[in-house]
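Participant:
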Ligand code: KG4
Ligand code: ZN
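In this note's numbering, the protein residues as written are 58 to 392.
1) Among residues of its own chain, excluding the 5 on either side of residue 97, which ones have a beta-carbon nearer than 7 Å to its beta-carbon?
2) Starting from residue 366, trace the alpha helix (DSSP H) both ways and give me its first and last residue.
3) Looking only at C-alpha atoms, which of 301, 185 and 202 sits nearest to residue 191?
4) Between the Cα of residue 364 and those of 76, 68 and 67, spot the shortest distance and give me the residue it belongs to.
5) Apply the 10 Å Cβ neighbour rule to residue 251 and answer buried if 16 or more other Cβ atoms are within range, or exposed otherwise.
6) What is the DSSP secondary structure of residue 204, reduced to helix, strand or coil?
7) Bridge partners for residue 352 per DSSP, in chain order?
8) From residue 239 to residue 103, what does the alpha carbon distance come to, in whole angstroms?
9) Could you tell me whether any non-hydrogen atom of the ligand ZN is closer than 8 Å to the CB of residue 98?
10) Ignore the nearest five residues each way along the sequence and tell me which others in residue 154's own chain have a CB closer than 6 Å to its CB.
11) Would DSSP call residue 63 helix, strand or coil?
12) Taking contact to mean at least 3 C-beta pairs separated by less than 8 Å, is the segment 163 to 183 in contact with the segment 354 to 373?
13) Identify, in the order they occur along the chain, each residue of the same chain with its Cβ nearer than 7 Å to the Cβ of residue 81, setting aside the five sequence neighbours on each side.
14) For residue 226, verify whether its CB is less than 8 Å away from any heavy atom of the ligand KG4.
15) Name the DSSP bridge partner or partners of residue 75?
16) Report yes or no: do three or more beta-carbon pairs, one from the segment 264 to 283 and one from the segment 215 to 222, lie closer than 8 Å?
17) Decide yes or no for the touch test of the segment 307 to 317 against the segment 287 to 296: beta carbon pairs closer than 8 Å, at least 3 of them.
18) Using CA coordinates, which residue listed in 126, 128, 133 and 148 is at the minimum distance from residue 68?
19) Tell me which same chain residues have a C-beta within less than 8 Å of the C-beta of residue 295, skipping the five on either side of it?
20) To the nearest whole angstrom, what separates the beta carbons of residue 167 and residue 135, a pair I think is in contact under 8 Å?
21) Run the CB neighbour count on residue 213, radius 10 Å, all protein chains shown included, and call it buried at 16 or more, exposed below.
22) Over what stretch of residues does the beta strand (DSSP E) that includes residue 211 continue unbroken?
23) For residue 138, which beta-bridge partners are listed by DSSP?
24) Taking the CB atoms as reference points, tell me whether residue 197 and residue 386 lie closer together than 9 Å.
25) For the beta strand (DSSP E) holding residue 193, just list the boundary residues, first then last.
26) Which value, in whole angstroms, describes the spacing of the CA atoms of residue 121 and residue 347?
27) Give me the Cα-Cα distance between residue 165 and residue 188, rounded to the nearest whole angstrom.
28) Between residue 389 and the rest of its own chain, which residues show a CB-CB distance below 6 Å, the 5 nearest in sequence each way excluded?
29) Rounded to whole angstroms, what is the Cα-Cα separation between residue 89 and residue 151?
30) Between the C-alpha atoms of residue 384 and residue 292, what's the straight-line distance to the nearest angstrom?
31) Roughly how many angstroms lie between the CA atoms of residue 204 and residue 95, to the nearest whole one?
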């Protein structure tokens, strides 16, 4: 069954056509088109919401049309769309488009939570983990741990009390003059720096599986205040590596605790930051040490994509949890 999925939650316009087998198993990825807006927002050092929704408006039809790969809308078994959390103006573009297609072509509509999409991104390229499994969603908007008990059955174990890890990457990159998006740039520079050069703080929040990254960001601000400008390349690399070490220490330790606490046999790491090279290496070592299965999607399915929304749509469709035309996106939407 063919499912067209759309995600316009933030600054990427994405559409994907996926072919699912009714009995389940890995789907066939026919397309996963992502139109990035990074160039538009990079000169502002972050996303400008109004510019993001205007660009979605321009790109939604070309992106969907490319994703359809010549198939007719009438061939679709369902259309799935991200309903939040995200930027409301951006979400509205995707939702309005999906509702219009659903209404005009009489195609069932499913609304999918963006976080649910990231959690289910480990089922795009293969059969995925067995249940229950621990899922760390680590992106620009969220850093949360879930116990996934089954499709559509998620229990939150912990979340960030302030900044998301990706947000911290982007802010530190901006402080270092590296531009937006900062995550991939810090990833590259950190590989050449000394992770032990500066001892940045780790917020352990003992007894909880919550996270906090705003203190770490402030520690980087304070450290840089004492340095002369322009910063030397060696300093930038060491700050990047030491900052990254502080983030990864906490992410790995909390995953370890979550797996231990729940007794889950598998761990999944998803969201934009999951494409980080040092994080992947660290998680691999952790999984080996704990004898746990580890699932991290390919980079294209870690960052925002519509294929993950298609997986959520398929399971909502199967469970009969469809949306009606009064479906409205929400900027803040807990799972
Ligand atoms: O999942 P995503 O595309 O969007 C949200 O749902 O937020 O994640 C984007 C975030 C950004 O903060 C970006 O800097 C970060 O993921 N990111 C990375 C890397 N690639 C993207 N962070 C660290 N290392 C990377 N390689
Ligand atoms: Zn995302």
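We put the CB at the ideal spot given by N, CA and C, even for glycine. Since we're looking at a predicted model, the values are computed, not measured.
Facilitator: Result, derived from the coordinates:
1) Against the chain shown, residue 97 aligns to sequence position 40. Cβ within range, chain order: 108 and 112.
2) Locating residue 366 in the chain shown gives position 309, where the first residue counts as 1. Run containing residue 366: 364 to 375, per the alpha helix (DSSP H) assignment.
3) Reading the chain shown from its first residue, position 134 is the one you call residue 191. Nearest C-alpha to residue 191: 202.
4) Position 307 of the chain shown, counted from the start, is the residue given in the question as residue 364. That would be 76, whose Cα lies nearest to the Cα of residue 364.
5) Taking the chain shown and counting its residues from 1, the one referred to as residue 251 is at position 194. Exposed is the call here.
6) The count along the chain shown starts at 1 and reaches residue 204 at position 147. Three-state DSSP puts residue 204 in a strand.
7) Along the chain shown, one-based indexing puts residue 352 at 295. Paired residue(s): 325.
8) The sequence position of residue 239 within the chain shown is 182, counting from 1. The sequence position of residue 103 within the chain shown is 46, counting from 1. One C-alpha to the other measures close to 10 Å.
9) Stepping through the chain shown from its first residue, residue 98 is reached at position 41. Residue 98 Cβ: outside cutoff for every heavy atom of the ligand ZN.
10) Stepping through the chain shown from its first residue, residue 154 is reached at position 97. 117.
11) The sequence position of residue 63 within the chain shown is 6, counting from 1. Three-state result, residue 63: strand.
12) yes
13) Locating residue 81 in the chain shown gives position 24, counting from the first residue. If the five residues before and after residue 81 are omitted, its C-beta is found closer than 7 Å to no C-beta atom of its own chain.
14) Counting from 1 along the chain shown, the entry for residue 226 is found at position 169. Relative to the ligand KG4, the nearest heavy atom lies less than 8 Å away from the CB of residue 226.
15) For the purposes of this step, residue 75 is taken as residue 18 along the chain shown, with counting starting at 1. DSSP links residue 75 through a beta bridge to 60 and 86.
16) yes
17) no
18) On the chain shown, position 11 is the one that residue 68 refers to. Per the Cα distances, 148.
19) Indexing the chain shown from 1 puts residue 295 at position 238. So the list reads 250, 251, 254 and 255, once near-sequence residues are dropped.
20) Your numbering for residue 167 matches position 110 in the chain shown. Your numbering for residue 135 matches position 78 in the chain shown. That pair is a contact at about 6 Å.
21) By 1-based counting over the chain shown, the position of residue 213 is 156. It counts as exposed.
22) In the chain shown, counting from the first residue as 1, residue 211 sits at position 154. Residues 210 to 216.
23) The sequence position of residue 138 within the chain shown is 81, counting from 1. DSSP output for residue 138 lists 63 and 168 as bridge partner(s).
24) Residue 197 sits at position 140 when you count from the first residue of the chain shown. Residue 386 sits at position 329 when you count from the first residue of the chain shown. Not in contact: residue 197 and residue 386 (Cβ atoms no closer than 9 Å).
25) To locate residue 193, count along the chain shown from 1; it is residue 136. Residues 190 to 195.
26) Translated into positions along the chain shown, residue 121 becomes position 64. Translated into positions along the chain shown, residue 347 becomes position 290. Between residue 121 and residue 347, the alpha-carbon positions lie close to 42 Å from each other.
27) As a working note, residue 165 is residue 108 in the chain shown. As a working note, residue 188 is residue 131 in the chain shown. Answer to the nearest angstrom: the Cα atoms are 28 Å apart.
28) In the chain shown, the residue the question calls residue 389 occupies position 332. Answer for residue 389: 142, listed in chain order.
29) Along the chain shown, read from residue 1 onward, the residue named residue 89 stands at position 32. Along the chain shown, read from residue 1 onward, the residue named residue 151 stands at position 94. Between the alpha carbons of residue 89 and residue 151 lies a gap of roughly 15 Å.
30) To locate residue 384, count along the chain shown from 1; it is residue 327. To locate residue 292, count along the chain shown from 1; it is residue 235. Spanning the two alpha carbons is a distance of roughly 50 Å.
31) Reading the chain shown from its first residue, position 147 is the one you call residue 204. Reading the chain shown from its first residue, position 38 is the one you call residue 95. Each residue's Cα considered, the two are about 32 Å apart.
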